[in-house]
Ligand SMILES: Cc1cc2nc3c(=O)[nH]c(=O)nc-3n(C[C@H](O)[C@H](O)[C@H](O)COP(=O)(O)OP(=O)(O)OC[C@H]3O[C@@H](n4cnc5c(N)ncnc54)[C@H](O)[C@@H]3O)c2cc1C
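Residue numbers (our numbering): 252 to 582.
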């Protein structure tokens, strides 16, 4: 079994910055990511959105930001491993940890940093007939690239931010976009709803449910709809159906360690230590108090920085807590 100082769980924004910081502090680490991609929520939920609130970067496409974070994370050549789902953390008698990856013991480490966000998240399914059959044949749960919808007739189910963001994103390329919401409540930001209404290409259908996805065996061709207010049914032509009705998060249950929670977060103190000595947590997975968390990239980055410096001190008690300014390096 490979032995290492620190295992970082998750290669989202927080885990990527933690990987960089570990390199900066000369902590030998490996970062384990269950998905085949880096960037956490970014590639999964909003790769083409523009992000405005990362210090020093006035505006950037989210996927481009994730690419830059990955590049930065690799600066000190600390390993990042994909397809590596951490299934358990077992504390040993000598206060080290055995990390189980994909149900097999894989690493022994002195410390663990949880950067696992909201855990594994899977999109909520619509439950319509034909939905599973046409998954990846026109039915999808996120918009990765607006180019995928060029000249297509696209139905988007949902009334929240994701549905409207996706609609506004793909409208310029698509032939037409229809947002379908099962009731009359639209929860997206007002500006997104206004942009959709102004686009001239987006239609909003309220009280509308997709009951059946119809296709030719290879791709989606039609949707069977129910207007649940008027109790009428109809078919419309469609090439694609994007289901944007949220995600079900299943928080990690590392059964061998009993991490203390505050609401749904792993509770940490000001040093980003959990209740288990040697396990630290930062980013969307962690919270210091029972106040609402600022679940943001910049916040996760700052927490990762603090956590890694405390990990350094934990592993090497004689080390200073602050490792100095990066501007004093010559890389
Ligand atoms: C639609 C949307 C728009 C947003 N816009 C902005 C914005 O404009 N600005 C901003 O600052 N923030 C924004 N956010 C929030 C931001 O994306 C999150 O705060 C950020 O992704 C949190 O990073 P994280 O690394 O802590 O967690 P995550 O991004 O959730 O990453 C956690 C990673 O850990 C992995 N993981 C989980 N469990 C395991 C396991 N057991 N083993 C291995 N890997 C595991 C996951 O696969 C994932 O890759 C937005 C979020 C959404 C949903």
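Glycine included, every Cβ here is placed at the ideal spot set by N, Cα and C.
Original post:
Buried or exposed: which applies to residue 545, given that a residue is buried once 16 or more other Cβ atoms fall within 10 Å of its Cβ?
Top reply: exposed
**OP:** Give a yes or no on contact between the segment 319 to 338 and the segment 266 to 281, applying the rule of three or more CB pairs nearer than 8 Å.
**Re:** Contact holds between the segment 319 to 338 and the segment 266 to 281, because three or more Cβ pairs, one in each stretch, are under 8 Å apart.
Original post:
Below 8 Å, can you find three or more Cβ-Cβ pairs linking the segment 425 to 433 to the segment 399 to 408?
Top reply: Touching, yes, given that three or more Cβ pairs across the two stretches are closer than 8 Å.
Original post:
So is residue 314 buried or exposed if we call it buried at 16+ other beta carbons inside 10 Å?
Top reply: buried
**OP:** Check residue 444 in the structure and name its three-state DSSP category.
**Re:** helix
**OP:** Would you check whether ligand 1 has a heavy atom nearer than 7 Å to the C-beta of residue 374?
**Re:** no
**OP:** Look up residue 481 in the DSSP assignment and say whether it is helix, strand or coil.
**Re:** coil
Subject >> Length at least 4, wholly inside the segment 294 to 340: the alpha helix (DSSP H) runs in chain order >> reply: Restricted to the segment 294 to 340, the alpha helix (DSSP H) segments that are unbroken, complete and at least 4 residues in length are 313 to 324, listed in chain order.
Original post:
Since residue 261 and residue 366 are thought to touch, with beta carbons under 8 Å apart, how far apart are those beta carbons, to the nearest angstrom?
Top reply: Distance from residue 261 to residue 366 at the Cβ level is roughly 4 Å; contact confirmed, criterion being Cβ atoms closer than 8 Å.
**OP:** Decide yes or no for the touch test of the segment 568 to 579 against the segment 535 to 549: beta carbon pairs closer than 8 Å, at least 3 of them.
**Re:** Segment contact: the segment 568 to 579 against the segment 535 to 549, fewer than three CB-CB distances shorter than 8 Å; contact not assigned.
Original post:
What runs of the beta strand (DSSP E), each 3 residues or longer, lie entirely inside the segment 475 to 548?
Top reply: 483 to 488, 491 to 494, 498 to 501, 516 to 518 and 530 to 532
Original post:
Per DSSP, residue 435 is paired with what?
Top reply: DSSP, once it has assigned bridges, lists no residue as partnering residue 435.
Original post:
For residue 466, does the three-state DSSP call read helix, strand or coil?
Top reply: Three-state result, residue 466: strand.
**OP:** Decide if residue 320 is buried, meaning its Cβ has at least 16 other Cβ atoms within 10 Å, or exposed.
**Re:** buried
Original post:
Between the beta-carbon of residue 269 and the beta-carbon of residue 294, is there less than 8 Å?
Top reply: Not in contact: residue 269 and residue 294 (Cβ atoms no closer than 8 Å).
**OP:** Compute the distance between the beta-carbons of residue 390 and residue 492, then report whether it is under 8 Å.
**Re:** yes
**OP:** Over the uninterrupted alpha helix (DSSP H) stretch that includes residue 221, give me the two end residues.
**Re:** An answer regarding residue 221 cannot be provided, because it is not within the stretch 252 to 582 covered by the chain.
Original post:
Among residues of its own chain, excluding the 5 on either side of residue 494, which ones have a beta-carbon nearer than 6 Å to its beta-carbon?
Top reply: 377, 392 and 408
Original post:
Alpha carbon to alpha carbon, what distance is there between residue 446 and residue 273?
Top reply: 43 Å
**OP:** Compare the beta carbon distance of residue 267 and residue 562 with 8 Å and say whether it is the shorter of the two.
**Re:** no
Original post:
Counting only runs that start and end within the segment 374 to 440, where is the alpha helix (DSSP H) found for 4 or more residues in a row?
Top reply: Counting whole runs of 4 or more residues, the segment 374 to 440 contains the alpha helix (DSSP H) stretches 412 to 421.
Subject >> Any non-hydrogen atom of ligand 1 within 7 Å of residue 265 CB >> reply: yes
Original post:
If you count every other CB in all the chains shown that lies within 10 Å of the CB of residue 510, and 16 or more means buried, which is it?
Top reply: buried
**OP:** Can you give me the start and stop residues for the alpha helix (DSSP H) that residue 271 sits inside?
**Re:** 264 to 275
**OP:** Measuring alpha carbon to alpha carbon, tell me which of 477, 437, 430 and 461 ends up nearest residue 455.
**Re:** 430
Original post:
So what's residue 559 in DSSP terms, helix, strand or just coil?
Top reply: helix
Original post:
Just how far apart, CA to CA, sit residue 480 and residue 368?
Top reply: 39 Å
Original post:
Under the criterion of a Cβ to heavy atom distance below 7 Å, does residue 371 qualify as lining ligand 1?
Top reply: Yes, since a heavy atom of ligand 1 falls inside the 7 Å radius drawn around the Cβ of residue 371.
**OP:** Report the partner residues of residue 459 according to the DSSP bridge assignment.
**Re:** 478
Subject >> Element boundaries [beta strand (DSSP E), containing residue 257] >> reply: 253 to 260
Original post:
Where residue 440 and residue 484 are concerned, what is the direct C-alpha to C-alpha distance, given to the nearest angstrom?
Top reply: 30 Å
**OP:** Return the chain-ordered list of same chain residues with a C-beta closer than 7 Å to the C-beta of residue 312, the five sequence neighbours on each side being excluded.
**Re:** 299 and 301
**OP:** Tell whether a beta-carbon distance below 8 Å holds between residue 517 and residue 532.
**Re:** yes
Subject >> When 506, 515 and 555 are compared against residue 524, the one with the closest alpha-carbon >> reply: 555
Subject >> Buried versus exposed call for residue 512 [16 or more other C-beta atoms within 10 Å across all chains shown] >> reply: exposed
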